[in-house]
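Working notes, structure below.
Residue numbers (the numbering used here): 1 to 879.
Here you go:
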């Protein structure tokens, strides 16, 4: 684990001299070390961002200009235009406080530098960090994007931490990367590690809280990234023009108190550098993991040799750590919600059962097994004026009496929690096996009434990374430990910690009992209502309550999200479809009169402007021995289930229709052949002249059309595997038009052919013929009498497009989304709703598309788009 330790510095002494070296370590002013690391240099500009007013002494090494000439000089004389232009884009007067900006990578005297800037009050700080390679922002963005995708697959905290550690190691190339979290005492435990094998493993080891003083932890939250490329560096002091030049030979003076909290080059404590060398690491980098504003942990990289990590790579690691912090918070929230729901359910059950009792203590005494579940304790005791009721693993009654008497001496408190009861009350230390952990609530300030939850002792063996002590030499100078070998320590007399959720659960339960004791039914009703609100707002179903007259008294958040009003009759105000509202009103009146226990029905609810099927279920809640005081109900969305059922019914109907159609077509085909033969004989008798010949021709055309339809129906299954072929669109259009000669003449419709004679279509000829027959038949029906139907065929890239256009009334927008559904027809009772459905299916089998453009009052165009050279064969119906 690599963290910044502190030690007294010469630059600025604290006002109060520490009594011990350890206290001095905790008071070290690490934010104002007065120096920087040597892998870069620092400049400070005046409020106008024109003149250098402070600089690190090593700036002259990088710029080739003496520092006394840099100070007071103009930036224009030091840098090229590109850097100056980037600098002009930032301004301390408008930049948010604490903002650190990356200006880019620039060449300075043939070396590459990352330039980072921030403001300290009105002083603009420029930091130039030497960079050994150029890193593209696109690569970092790709890393972050890929990690975001990984987050969705991680289910546990351990998986998340290991994934982050591996990604951190891949980005930085450090020999050893550790991710560790802090416990309540500040000790850090290594959860995950990625190790190249050059450095010893610290996996599962613990590091003491004293490794990171309080001020260092605060700085890790403020400035989340820290890099030390070489632990053997000599700090470079920050200087400014001396206010008393005569007092300094060079005309400069050190700046010991300048705030470097946000600096990337800030010099670190010499104790920490010694700490690193003792670990065998010459370079390190750490990134804070902050959860809910608190330092949850760190991820650190260590290397056996000096190593530089470019700023953009560090920024990417910082971004990943923020994502990890967010995900950790989500995991913690999920666990918290799980426990809250569990504890609230137990509380609600207990409070419901004891609320009506005159004295709730006997009621609780008979339900001790449920009282135990208010927390995750192993035992519980209820103390009432010396009478003790227990269940689970608890200490003897004598010890329980001692604990109660001890609690009486503690003055006013609501909840008392400890995991080391034996250390706080030595008289009961002998019962540590049952009662090392105590969570107690006082449920009466006037009498000796307590509920005590217990947790047993857990012997904990901790493996430290070296003995957690610091050494002080004869000069009272502090040194970090020199060994990080495993050092074990066993802790006795302590239990598992009481979680915040357990403490809150006990507190809530105590408050509920006090409420029952003081205000009885009214206050209990308010508490139950609060819990009800909390639970129902988290449910995905719509929940509501109403009074005995059916007027809404409460709706949850999901009810409002669905656009439903929160007042009036629960089934009124247009919430339900009109026919459903009348039906439910009758059911409601019957349920009220008959005092039924359940009202249940399936209804259509107007949810955000759309009708959706819901199951409504209501049950009454009653006062003791009285009529219902109101009803509680929910609406469960059934739309998806109904859609699945409808799809199944349609599939069954289609299968039945297909079988019936085949039978009917077969039965029609035989008499059609007979009628055709009779018409042939009739033509021989009547001849081709006169009206009789014309009428016979019209009848023959209609017979040919009907015969074509029946034969196509019979061929449907046989053509399922028919061979594909190329054929002319003009010939196909001609064949289909001959089928509809009679209808065309009867409606006096002009058919316009807009296609070339050489347009080729590829597919199963019989199936494509059926599609065009359906489309042309629909167009002839839709076109106005004496109107127009236009046929077209063109090549469009790799597709052949056949289109049929009519000048009819068009298809209303509300119907367009349903036109390809089976048994839906724009013709009402005049259509069967299968033509477009079958056509759409045929075209899709050919790997094509069926497209519809329609405008009300102007007409409709239907386009069949088929691939000219399909890469896959036509899909069969069985497939």
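Cβ coordinates follow ideal geometry from the N, Cα and C atoms, glycine included.
Predicted model only: the values in this text are computed from it and were never measured.
For residue 600 and residue 613, believed in contact at Cβ under 8 Å, the rounded distance: Reading the chain shown from its first residue, position 613 is the one you call residue 613. Reading the chain shown from its first residue, position 600 is the one you call residue 600. Not really, about 14 Å apart at Cβ, beyond 8 Å.
What are the residues that DSSP puts in a beta bridge with residue 291? Counting from 1 along the chain shown, the entry for residue 291 is found at position 291. In the DSSP output, where bridge partners are listed per residue, residue 291 has 294.
What runs of the beta strand (DSSP E), each 3 residues or longer, lie entirely inside the segment 537-577? 542-546 and 552-555
Taking residue 107 as the reference, give the member of 766, 91, 130 and 282 with the closest Cα. Reading the chain shown from its first residue, position 107 is the one you call residue 107. Here the closest residue by C-alpha is 130.
For the structure I just gave you, are there three or more beta carbon pairs, one from the segment 732-742 and one from the segment 836-852, closer than 8 Å? no
Give me the DSSP bridge partner(s) of residue 613. Residue 613 sits at position 613 when you count from the first residue of the chain shown. Partner(s): 604.
Report the option in 454, 68 and 262 whose CA atom is closest to the CA atom of residue 97. Along the chain shown, read from residue 1 onward, the residue named residue 97 stands at position 97. Comparing Cα positions, the closest option is 262.
Whole angstroms are fine: how far does the CA of residue 369 sit from the CA of residue 405? Counted from its first residue, the chain shown places residue 405 at position 405. Counted from its first residue, the chain shown places residue 369 at position 369. Rounded to the nearest angstrom, the two C-alpha atoms are 25 Å apart.
Give the DSSP-derived three-state secondary structure of residue 618 in the structure shown. Counting from 1 along the chain shown, the entry for residue 618 is found at position 618. The DSSP-derived three-state label of residue 618 is strand.
What did DSSP end up calling residue 395 once you bin it into helix, strand or coil? Mapped onto the chain shown, residue 395 falls at position 395. Coil, per DSSP.
What's the call for residue 812, buried or exposed, on a 16-neighbour Cβ count within 10 Å? The count along the chain shown starts at 1 and reaches residue 812 at position 812. Exposed, since its Cβ has fewer than 16 Cβ neighbours within 10 Å.
Within 10 Å of its beta-carbon, does residue 57 have 16 or more other beta-carbons around it, so buried, or fewer, so exposed? Position 57 of the chain shown, counting from 1, holds the residue named residue 57. That one is buried.
For residue 39, the three-state DSSP class (helix, strand or coil): Counting from 1 along the chain shown, the entry for residue 39 is found at position 39. Coil.
Continuous alpha helix (DSSP H) assignments of at least 4 residues falling wholly in the segment 207-235: DSSP assignment within the segment 207-235 yields the following whole alpha helix (DSSP H) runs of 4 residues or more, N-terminal first: 214-222.
How far does the beta strand (DSSP E) with residue 814 in it reach, from first residue to last? The count along the chain shown starts at 1 and reaches residue 814 at position 814. Run containing residue 814: none in the beta strand (DSSP E); it sits in the alpha helix (DSSP H), 813-816.
Same chain, Cβ closer than 8 Å to residue 101, neighbours up to 5 away in sequence not counted: In the chain shown, the residue the question calls residue 101 occupies position 101. 90, 95, 116, 117 and 118.
When the distance is taken between beta carbons, is residue 751 closer than 8 Å to residue 789? Here the question's residue 789 lines up with position 789 in the chain shown. Here the question's residue 751 lines up with position 751 in the chain shown. For residue 789 and residue 751, yes; Cβs fall inside 8 Å.
How would you call residue 279, buried or exposed, if buried means at least 16 neighbouring beta carbons within 10 angstroms? Stepping through the chain shown from its first residue, residue 279 is reached at position 279. The residue in question, residue 279, is buried, as its Cβ has 16 or more Cβ neighbours within 10 Å.
Using a threshold of 8 Å, state whether the C-beta atoms of residue 808 and residue 783 are closer than that. Mapped onto the chain shown, residue 808 falls at position 808. Mapped onto the chain shown, residue 783 falls at position 783. Result yes, Cβ atoms of residue 808 and residue 783 sit closer than 8 Å.
Are the CB atoms of residue 607 and residue 563 nearer to each other than 8 Å? By one-based count along the chain shown, residue 607 stands at place 607. By one-based count along the chain shown, residue 563 stands at place 563. A contact, by the Cβ cut-off of 8 Å.
Do residue 286 and residue 300 come within 8 Å of each other at the CB atom, strictly closer than that value? Translated into positions along the chain shown, residue 300 becomes position 300. Translated into positions along the chain shown, residue 286 becomes position 286. For residue 300 and residue 286, yes; Cβs fall inside 8 Å.
Note the first and the last residue of the continuous beta strand (DSSP E) segment covering residue 805. Position 805 of the chain shown, counted from the start, is the residue given in the question as residue 805. Here the beta strand (DSSP E) through residue 805 covers 799-806.
So, are the CB atoms of residue 440 and residue 457 less than 8 Å apart? Taking the chain shown and counting its residues from 1, the one referred to as residue 440 is at position 440. Taking the chain shown and counting its residues from 1, the one referred to as residue 457 is at position 457. Not a contact, by the Cβ cut-off of 8 Å.
Taking its Cβ as the centre, do 16 or more other Cβ atoms sit within 10 Å of residue 806, making it buried, or is it exposed? For the purposes of this step, residue 806 is taken as residue 806 along the chain shown, with counting starting at 1. By the neighbour-count rule (16 or more Cβ atoms within 10 Å), residue 806 is buried.
Please name the residue in 774, 727 and 749 whose C-alpha comes closest to that of residue 760. Numbered from its first residue, the chain shown carries residue 760 at position 760. That would be 727, whose Cα lies nearest to the Cα of residue 760.
Whole-angstrom distance between residue 184 and residue 35, CA atom to CA atom: Numbered from 1 along the chain shown, position 35 holds the residue referred to as residue 35. Numbered from 1 along the chain shown, position 184 holds the residue referred to as residue 184. Near 33 Å, if we compare the C-alpha coordinates of residue 184 and residue 35.
Which residues in the same chain have their Cβ closer than 6 Å to the Cβ of residue 39, if we skip the five residues on either side of it in sequence? Walking along the chain shown from the start, residue 39 turns up at place 39. Hits under 6 Å: 130 and 229.
Tell me the rounded alpha-carbon separation between residue 919 and residue 150. Coverage of the chain is limited to positions 1 through 879, which leaves residue 919 absent and any answer about it impossible.
Can the beta-carbon of residue 493 be found closer than 8 Å to that of residue 436? Working through the chain shown from its first residue, we reach residue 493 at position 493. Working through the chain shown from its first residue, we reach residue 436 at position 436. Yes; because the gap between Cβ atoms is below 8 Å, this pair is in contact.
Can you list, in chain order, the residues of its chain with a C-beta nearer than 7 Å to that of residue 588? Leave out the 5 residues immediately preceding and following it. The residue you call residue 588 lines up with position 588 of the chain shown. Contacts found: 550, 571 and 599.
Indicate whether the contact test is met: 3 or more Cβ pairs, each with one atom in the segment 408-427 and one in the segment 503-511, closer than 8 Å. Taking 8 Å as the limit for Cβ pairs, the verdict is that the segment 503-511 does touch the segment 408-427.
Helix, strand or coil: how does DSSP classify residue 406 here? Numbered from its first residue, the chain shown carries residue 406 at position 406. Residue 406 falls in the helix class under three-state DSSP.
Is it buried or exposed for residue 55, if we count other Cβ within 10 angstroms and need 16 for buried? Position 55 of the chain shown holds residue 55. Buried, by the Cβ-count rule.
Residue ranges of each beta strand (DSSP E) within the segment 111-153, 3 or longer: 111-120 and 123-130
Give me the DSSP bridge partner(s) of residue 450. Walking along the chain shown from the start, residue 450 turns up at place 450. Looking at the DSSP output, residue 450 shares a beta bridge with 383 and 442.
Tell me, which residues are paired with residue 455 by DSSP? Locating residue 455 in the chain shown gives position 455, where the first residue counts as 1. Partner(s): 437.
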